Amino acid sequence: MLMNLYLEAADQAYGELTRLDQVAGDGDYGDNLREGLRGAVTRIPADADLATEFEVTATYFLDEVGGTSGPLIGLLFNDVGSSLDGAGDDDAALVTGLDAGTAAVSRVGEAKVGDRTMLDCLGPTLDDLHAARPPLDWTVVANQAFDHARATADLSPRMGRASYVGERAVGTPDAGAMGMALLFWALAVYRDPTSRGQLPDPAHLM
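In full-length UniProt numbering, the protein residues as written are 1 to 206.
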């Protein structure tokens with residue numbers, strides 16, 4: 001199950017996600033991501049397809065997870081689930097859903113690439129996906145996602161509470177961007193369980 005893999009990664013990365021978010025946020029990102037996934041996986045049927053996994057997880061994050069991240073992750077996953085409905089595990093449908101969900105996050109969150117948010121992983125990684133030739137190599141995609149997330153260390157935050165921290169956040173990656181890189185880690189392992197050794201260790205993000 002994809003969301004079990006995402007939860008595994010969130011569990012392992014919890015300490016670092018919390019530390020990153022304490023620099024330029026409320027320090028609750030690790031809790032919100034981990035607890036949201038823990039709750040969601042208890043509601044996903046054992047025989048669920050990928051669309052159902054995303055749809056159930058979206059509902060849980062939208063209804064049960066607080067903070068800024070909960071609703072935005074819910075929006076992202078809702079569009080991914082809708083795009084995958086009836087499409088099985090199709091890569092094209094998955095990318096279409098990620099496109100739509102990323103646009104929804106940008107619209108509702110009133111943020112864009114460069115603002116030092118989850119979009120600074122999602123946007124560039126989607127560019128990589130669109131530039132890649134099929135069949136997609138999700139291990140390559142996941143490694144690119146981590147590179148994009150780490151690159152947020154060079155950005156000064158412009159949104160929310162983090163904007164008050166300003167230049168003090170520079171040098172530390174954005175927790176939300178790292179959380180999205182972990183999603184691509186989970187997708188890579190879901191597509192190819194042998195890829196773990198070619199991916200960053202979620203317990204040691206930096």
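Beta carbons are placed, not taken as given, at the ideal position from N, Cα and C, and that holds for glycine.
These numbers were taken from a predicted model, which means no experiment stands behind them.
By the neighbour-count definition (other C-beta atoms within 10 Å, threshold 16), residue 123 is a buried residue. The continuous alpha helix (DSSP H) containing residue 125 extends over residues 119-131.
If you look at residue 82, you'll find it in the alpha helix (DSSP H) that goes 69-84.
For residue 107, the enclosing alpha helix (DSSP H) begins and ends at 91-109. Secondary structure at residue 17: helix, using DSSP grouped into helix, strand and coil. One thing to note: residue 142 has its Cβ no nearer than 8 angstroms to the Cβ of residue 76. The three-state reading of DSSP puts residue 148 in helix, counting H, G and I together. Here the alpha carbons of residue 192 and residue 73 stand approximately 24 angstroms from one another.
The distance from the Cβ of residue 180 to that of residue 16 is about 14 angstroms, inconsistent with a contact at the 8 angstroms cut-off. Rounded to whole angstroms, the separation of the alpha carbons of residue 56 and residue 40 is 7 angstroms.
Secondary structure at residue 49: coil, using DSSP grouped into helix, strand and coil.
The three-state reading of DSSP puts residue 191 in helix, counting H, G and I together.
In the structure shown, residue 206 falls within a coil segment according to DSSP collapsed to helix, strand and coil. Membership of residue 197 in any alpha helix (DSSP H) is not indicated, and neither H nor E is assigned to it by DSSP. Bounds of the alpha helix (DSSP H) holding residue 40 are 29-41. Note that the C-beta distance between residue 148 and residue 125 is below 8 angstroms. Setting aside the 5 residues that flank it on each side, residue 80 is surrounded in the same chain by 54, 94, 97, 98 and 101, each with a C-beta closer than 7 angstroms to its C-beta; the list follows chain order. Residue 62 carries a helical assignment under DSSP once its states are collapsed to helix, strand and coil.
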